[in-house]
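Everything in the sequence shown is counted per the numbering used here, starting at 108 for the first residue and increasing by one. Built from N, CA and C at the ideal position, the CB exists for glycine as well.
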Amino acid sequence: CMVEDELHAVRDSLEQALSLLPENTLVGLITFGTTVQIHEIGYEHCTKSYVFRGTKEPTVAQLQDLLGLRSQYRRGGQDPRG
């Protein structure tokens, strides 16, 4: 089946691209539909996925907090620079 061959080609290309990234690189896959889903790639035993309703628009700060992308001092901790 052509679709299966195409999926295998995409998988092989993704695996090759991911193998070229530094080991500590954060990688995610975002899918869209009636919901927006963010899938973290790289957790073999405990996959992480975040689902957002398409009818609600979170702020950048909310997304950063949910995904753990904001530095600690911006979330109410002390600024490590003093």
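With a cut-off of 8 Å on the beta carbons, I'd call residue i and residue j a contact; round off their distance for me.
i: threonine 142; j: phenylalanine 159; result: 6 Å
i: isoleucine 137; j: isoleucine 148; result: Isoleucine 137 to isoleucine 148, Cβ: 11 Å. No contact.
i: leucine 133; j: tyrosine 157; result: Going by Cβ atoms, the distance from leucine 133 to tyrosine 157 rounds to 13 Å, so no, they are not a contact pair.
Any idea if residue i is buried or exposed, counting beta-carbon neighbours within 10 angstroms, 16 or more meaning buried?
i: proline 187; result: Annotation note: pLDDT 46 at proline 187 (below 50); position unreliable, no value reported.
Fully enclosed by the region 113 to 142, which beta strand (DSSP E) runs are 3 residues long or longer? Those beta strand (DSSP E) runs which fall completely within the region 113 to 142 and span 3+ residues are 134 to 139.
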